[in-house]
Amino acid sequence: MVDSELLIGLSLDELGALAESALSPKNQKALDDLLIKNSANLLSNEETETLDTILAQVDQINIIKTRARYTLNIFQNKQQIA
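This note's numbering applies: residue 257 is where the sequence shown begins, and numbers increase by one.
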């Protein structure tokens with residue numbers, strides 16, 4: 257049975273890069289600014305939508321990072337057994 261969480265077909269270097277990926281500096285700055293405004297209840301509707309979009313991107317990045325780390329861990333454990 258194939259584990260659907262494994263990221264198959266990527267090199268160890270590619271998996272490592274994914275595991276260390278982050279939000280772009282531009283989006284990180286926007287996120288920081290929007291979170292500050294949000295804490296003061298000063299967001300417009302458009303800014304709220306932008307914040308929601310960036311937070312969804314953060315969630316997706318975290319999922320990919322976790323899957324990459326998981327895949328690396330599985331591959332490293334298989335290499336130790338072999």
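Note that CB positions come from ideal geometry on N, CA and C, so glycine has one too. Please read all numbers here as calculations on a predicted model, not as lab measurements.
Span of the alpha helix (DSSP H) around residue i
i, result
"Ala312", "Asn301 to Ile337"
"Gly265", "That residue, Gly265, is in no alpha helix (DSSP H); it is neither H nor E in DSSP."
When the options are compared against residue i, the one with the closest alpha-carbon
i, options, result
"Asn318", "Ala273, Asp269 and Ala278", "Ala278"
"Leu311", "Asp259, Lys285, Ser260 and Asn297", "Lys285"
"Val258", "Asn333, Thr327, Gln332 and Ile337", "Thr327"
"Gln335", "Ser260, Ser280 and Leu268", "Leu268"
Expected contact under 8 angstroms - CB spacing of residue i and residue j to nearest Å
i, j, result
"Leu287", "Ala324", "21 angstroms between Cβ atoms; not a contact."
"Ile320", "Leu274", "6 angstroms"
"Gln313", "Asn333", "No, Gln313 and Asn333 are not in contact; Cβ-Cβ is about 30 angstroms, not under 8 angstroms."
DSSP state of residue i mapped onto helix, strand, coil
i, result
"Asn297", "coil"
"Asp269", "helix"
"Ala275", "helix"
Practice task
Could you tell me whether the segment 301 to 311 touches the segment 278 to 293, where touching means 3 or more Cβ pairs closer than 8 angstroms?
Solution key: yes
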